[in-house]
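Residue numbers (the numbering used here), protein chains in the order written: chain A, 9 to 714; chain B, 537 to 690.
For every residue, glycine included, the Cβ atom is placed at its ideal position computed from N, Cα and C.
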Amino acid sequence: MSVAPAPRKLPGSLETNPALDLWLAINADGTVTVRPGKVEIGQGILTALVQIVAEELDIGPERIRLVGAATPLSPNEGITSGSRSIQESGIALRFAAAEARELLLARAAAKLDVSVEQLSVKDGVITARAGGSVTYWELADESLLRRDASTATQPKPAEDYWLVGRRLDRIDIPAKVRGDPVYVHDLDLPRMVHARVVRPPGPGMQLDSVEVHEVETMQGVIKIVRDGSFLGVIAEREEQAIRAARRLERVARWHGGGALPASDPRYLLECVSEEEVVSEKGAGGAAPDARVFTAEFTRPHIAHASLGPSCAVAQFSQARYTLWTHSQGIFPLRADLASALGISENAFDVVHMEGAGCYGHNAADDVACDAVLFARALPERPVRVQWMREDEFAWEPFGSPMVVRMQATLGADGGVATWAHELWSHAHSTRPGGKGGVNLLAAWHLAKPVTAARPANPPLPAGGSHRNAAPLYDFPQQRVTNHLVRAAPLRTSALRSLGGHVNVFAIESFMDELAQAADADPVEFRLRHLKDARARAVIEKAAAMADWRPREHGDGEHGRGIGFARYKNLGCYAAVIVEVAVAEMVRVTRAWAAVDVGQVINSDGVVNQIEGGIVQTISWTLKERIDYDRHSVTTRNWDTYPILTFPEVPNIEVAFIDRPELPPLGAGEGMQGPTAAAIGNACYNALKVRLRDMPFTRERLISALV
Amino acid sequence: MSLVIHVNGAAHTVAAEPETPLLYVLRNDLRLKGSRFGCGQGLCGACMVIVDGKAVQSCDVPVSAVAGKSITTIEGIGTPDRPHPLQRAFIAEQAAQCGYCVSGIIMTAKALLDVNPHPREDEIRAALAGNLCRCGTHTRMLRAIRSAGEGAPT
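#1: With 7 Å as the limit, tell me which residues of the region 650 to 662 of chain A have their beta carbon closer than that to any beta carbon of chain B; keep them in chain order.
#2: Please check the pair ALA589 of chain A and HIS566 of chain A, which I expect to be a contact at CB under 8 Å, by giving their CB distance rounded to whole angstroms.
#3: Report buried or exposed for GLU669 of chain A, applying the criterion of at least 16 other Cβ atoms within 10 angstroms of its Cβ.
#4: Identify the continuous alpha helix (DSSP H) that holds TYR144 of chain A and give its terminal residues.
#5: For SER639 of chain B and ALA645 of chain B, I'd like the C-alpha separation in whole angstroms.
#6: First and last residue of the alpha helix (DSSP H) that includes VAL546 of chain A?
#7: May I have a chain-ordered list of the beta strand (DSSP E) segments no shorter than 3 residues that lie completely inside the region 310 to 349 of chain A?
#8: Would you kindly work out how many angstroms separate the C-alpha atoms of ASN659 of chain A and GLY685 of chain B, rounded to a whole number?
#9: Is the CB of ILE586 of chain B under 8 Å away from at least one CB in chain A?
#10: Tell me which residues share the same chain as VAL206 of chain A and place their Cβ nearer than 8 Å to its Cβ, disregarding the 5 neighbours each side in the sequence.
#11: Looking at the unbroken beta strand (DSSP E) that takes in TYR581 of chain A, where does it start and where does it end?
#12: If you drop the 5 nearest sequence neighbours on each side, which residues of the same chain put their C-beta closer than 7 Å to that of GLU23 of chain A?
#13: Does any residue of chain B have a CB that is nearer than 8 Å to the CB of SER10 of chain A?
#14: So which residues on chain B does ALA313 of chain A lean against when the C-beta distance must stay under 8 Å?
#15: Specify the secondary structure class of SER10 of chain A as computed by DSSP and reduced to three states.
#16: Is the region 626 to 635 of chain A touching the region 291 to 300 of chain A in the sense that three or more CB pairs, one from each, lie closer than 8 Å?
#17: Which same chain residues end up closer than 6 Å to ALA551 of chain B when comparing Cβ atoms and leaving out the 5 residues on each side of it in sequence?
#18: Per DSSP, PHE572 of chain A forms a beta bridge with which residues?
#19: Who are the Cβ neighbours of ARG667 of chain A in its own chain at under 6 Å, not counting the five residues just before and after it?
#20: How should GLN227 of chain A be labelled, buried or exposed, when 16 other C-beta atoms within 10 angstroms of its C-beta is the threshold for buried?
#21: Please compile the residues from chain A whose C-beta is within a distance smaller than 7 Å of the C-beta of HIS548 of chain B.
#22: Mind checking which residues open and close the beta strand (DSSP E) that includes TRP646 of chain A?
#23: Report the residue from A:LYS184, A:ALA690, A:VAL546, A:GLY90 whose alpha carbon sits nearest the alpha carbon of VAL662 of chain A.
#24: Name the residue from A:SER627, A:ARG644, A:GLY674, A:ALA712 whose alpha carbon lies nearest to the alpha carbon of ILE767 of chain A.
#25: Just the Cα atoms here: how many angstroms apart are PRO463 of chain A and ILE622 of chain A?
#26: In whole angstroms, what separates the C-alpha of ASP378 of chain A from that of VAL561 of chain B?
#27: Does any CB atom of chain A fall closer than 8 Å to the CB of GLU611 of chain B?
#28: ASP555 of chain A to THR302 of chain A, Cα distance in whole Å?
#29: Does DSSP put ASP131 of chain A in a helix, in a strand, or in coil?
#30: Excluding the 5 residues preceding and the 5 following ASN465 of chain A in the sequence, name in chain order all residues of the same chain whose CB lies nearer than 6 Å to its CB.
#31: Consider the Cβ of ALA554 of chain A: report whether some Cβ of chain B lies at a distance smaller than 8 Å.
#32: If distances are taken between C-alpha atoms only, which option among A:ARG174, A:SER217, A:PRO182 comes closest to ALA628 of chain B?
#33: Which residue wins for smallest C-alpha separation from ARG175 of chain A, given the options A:SER611, A:MET213, A:ALA371?
#34: Taking the alpha carbon of LEU558 of chain B as the point to measure from, which residue in B:GLN623, B:ILE660, B:VAL597, B:ALA662 has its own alpha carbon closest?
#35: Determine, for SER683 of chain B, whether the minimum Cβ-Cβ distance to residues of chain A falls below 8 Å.
This is how it looks when you write it as structure tokens:
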């Protein structure tokens, strides 16, 4: 489909999906249908979109009927990721709804024989000042929105808002607390069967042989599916599929593999890498007598670790596949499935349903491919596949390990004179829809395998491994270098904030070290190097909230630290202060966050994202690490991958700097870097010991102290 | 073979092998999808139900072990018109993100409040030590459980 080039760029995703009726329908029954291409992943986006549309149309939010994303109907908004949904889907819907309102007002003016300026709207009722009224529901018909978006639409000014910026209760929470079947995991279709996959013991292994006879005769087993090294079983009942898969696992013989490196992120330093200077400023080098400081920071492989292992349902009937999936990108997934199977994209209808929170590219797409392969082997019957917990830990694409080396000098004034940041990492995106290959696990294991697309980083300025590598501080000289290690022994892909977690951890820990060396207060030292007024404002706000005392000292057991970043250097601003209690382990006991997300859409939704981001980051930073030996991932369940639990979660205080006049910025990923750094800095403040290798486990703490 | 189990006040005859984990019987035979698979080893709490007053991880208990006992699932504690106080409190506090863990957490909290209607915060936290939430909505859930407890008669 080709679209005539618009004279001016349209806002958000309207640029690529300009047809208004793709997004909205005004219905005669007093409702408004909204069809976003972005999907709910637990972040509350659908509620925020309802809020935006209700605001622009001046209707009650309860009138809105949301239709989940599905390839036959929805605008193609790519992937729901990168905290971009408000900017892309939200802005598109804001302008689409504003234009719908303009069109409705024009019709009303003609009908009531008054000028548009004479009209006002309340909950879809248009009233003329001189009397007379007509409703949206009377005026709308199919022709109303059968047009492309105009570039001239003026949405409502912020001062007229009655709904945006306030708390609107999430539309999905009542069903979730009732235990309603809301997830793809809960889909239950007539004659549905259950399947499980038997993966190789480790990456790079191939299936030699498998004696299927004893499994075929097990109760409930319908079919064993083998295609190259893709192996699985379909059974009538779920527990029968699980039992049969366990038996298959015991009788399958594999070869190859065994090429995993040492389970330490510093293996990256020994790998072939592509070097790129991503930011360079100033010249001349350090003064000869300058004090030089260096430090090295690392993170191991970590997991998305969704609470619900990934799941999909597929049905193959009359040469068409219908697929129900919790993928973050139904269109890119469809494209990769078509390539994997060597058939047309048009043979697939892909329907999004919610899953457990994913926090990035987990196994959602991979299990969808598994489901399609099983459905192909058993036409007509819907096949439900859920990965076991062990599959999810062993085979999801991990957050990349990273190593960051910092070097800086201080000038005679005690400020930073030169700054160098060098990082080593794998690529942070191997999502479906990549160029030159297919990014679906099972597709690589087929008898006729398709190759993986080249692992890549999202480009700067947002960046991938180099996300947030360039400091926001105003240093006279800086150089930031990315070493991309493209070949990854264990698959890596997008995990919430991508490289931002580690780059900000390194920058903000190092700023603390330099402040210490300069005998300065860490808050004052940061402000001294920052001109950006919004950046300064969140740091000052967090310090005020926490009642920060200049040069405050820890007492050997308790301490506090700060971390700051502007996400991607173009998203939300956040400063986080945490208090830690350190005994045998590090515990975060309190946290304060000051955040500037520009215009707030759903105030409570943003707070929820901020609190959740802080808690998850405490967990990553203190506890999380994927372990593996030469052959396979050895982390297989929650007992070997502990995450933060209820007794360990701190109380959190969040404040906004509200800027209703500025564009809204996503809030989902702004906390990772600042929180990690704040914890490290608080530990230093408490103990005078610097923790630079995540996670800060008991063992790490002890070895740092002795 | 068939077994009789008592779920949410009703008796059900189910055709499942005795060693089948209760979770699959609830989800696939009784079509009660609110108890969810998280780990299969009783390590995360997503499948929590109440059996004879105790919070039990249904992924980890064979259906034969609960025959004759009283089983309550998330679907059995309230209705859309008359939600349980915990369900009301979770909505009031907006205590969910993805929500996959929520029904298990509400069931653990209910088992606690049933024996200890006014728990201290540390008692709530300790009771929930076996329930994982990956989105990080813990502080909201703690507030919700506290307020549900405060609403109970003293």
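So, to answer that:
#1: So the close ones are ILE651, THR653, PHE654, PRO655, VAL657, ASN659, ILE660.
#2: Indeed they touch by this definition, with Cβ atoms about 5 Å apart.
#3: Classification for GLU669 of chain A: exposed.
#4: Residues 144 to 147.
#5: If I take the Cα positions, the gap works out to 10 Å.
#6: In this chain, the alpha helix (DSSP H) harbouring VAL546 of chain A covers 541 to 553.
#7: The region 310 to 349 of chain A contains these whole beta strand (DSSP E) runs: 319 to 325, 328 to 333.
#8: Their Cα atoms are separated by approximately 19 Å.
#9: Contacts with chain A at 8 Å (Cβ-Cβ) do not include ILE586 of chain B.
#10: Closer than 8 Å at Cβ, skipping near neighbours: LEU239, GLY240, VAL241, ALA253, LEU256, GLU257, ALA260.
#11: Its beta strand (DSSP E) spans residues 581 to 590.
#12: Within the same chain, GLU23 of chain A has close Cβ partners LYS17.
#13: With a pLDDT of 48 at SER10 of chain A, under the threshold of 50, the predicted position of this residue should be treated as unreliable, though the coordinate-derived value follows. SER10 of chain A does not count as touching chain B.
#14: By Cβ distance, chain B contributes ARG670.
#15: Its pLDDT being 48, under 50, SER10 of chain A is placed unreliably by the model, and the measurement read from it follows with that caveat. SER10 of chain A: coil per DSSP, three-state reduction.
#16: When C-beta atoms of the region 291 to 300 of chain A are compared with those of the region 626 to 635 of chain A, fewer than three pairs fall below 8 Å, so the two segments do not count as touching.
#17: For ALA551 of chain B, where only same-chain residues beyond five positions count, the Cβ hits under 6 Å are SER538.
#18: Partner(s): A:ALA583.
#19: Take ARG667 of chain A, set aside five residues on each side of it, and the residues of its chain with a beta-carbon closer than 6 Å to its own are GLY606, in chain order.
#20: With fewer than 16 other Cβ atoms from the protein chains shown falling within 10 Å of its own Cβ, GLN227 of chain A counts as exposed.
#21: Listed along the chain, the chain A residues whose CB falls inside 7 Å of the CB of HIS548 of chain B amount to none; the nearest CB is some 16 Å away.
#22: Run containing TRP646 of chain A: none; DSSP gives neither H nor E here.
#23: When only C-alpha atoms are compared, the closest one is A:VAL546.
#24: This structure does not reach residue 767 of chain A, given that chain A is present from 9 up to 714, and the question cannot be answered.
#25: Linking PRO463 of chain A to ILE622 of chain A through their CA atoms gives a straight-line distance of about 29 Å.
#26: Going from the Cα of ASP378 of chain A to the Cα of VAL561 of chain B covers about 24 Å.
#27: Using beta-carbon distances, GLU611 of chain B counts as an interface residue toward chain A, with a partner under 8 Å.
#28: Using only the alpha carbons, I get a separation of about 31 Å.
#29: DSSP places ASP131 of chain A in the coil class of the three-state scheme, outside both helix and strand.
#30: These residues qualify, in order along the chain: ALA435, HIS436, GLY472, SER473.
#31: Output row for ALA554 of chain A: interface = no.
#32: When only C-alpha atoms are compared, the closest one is A:PRO182.
#33: Among A:SER611, A:MET213, A:ALA371, the Cα nearest to that of ARG175 of chain A belongs to A:SER611.
#34: Checking every option, the nearest Cα to that of LEU558 of chain B belongs to B:VAL597.
#35: Answer no: the Cβ-Cβ gap between SER683 of chain B and chain A never drops below 8 Å.
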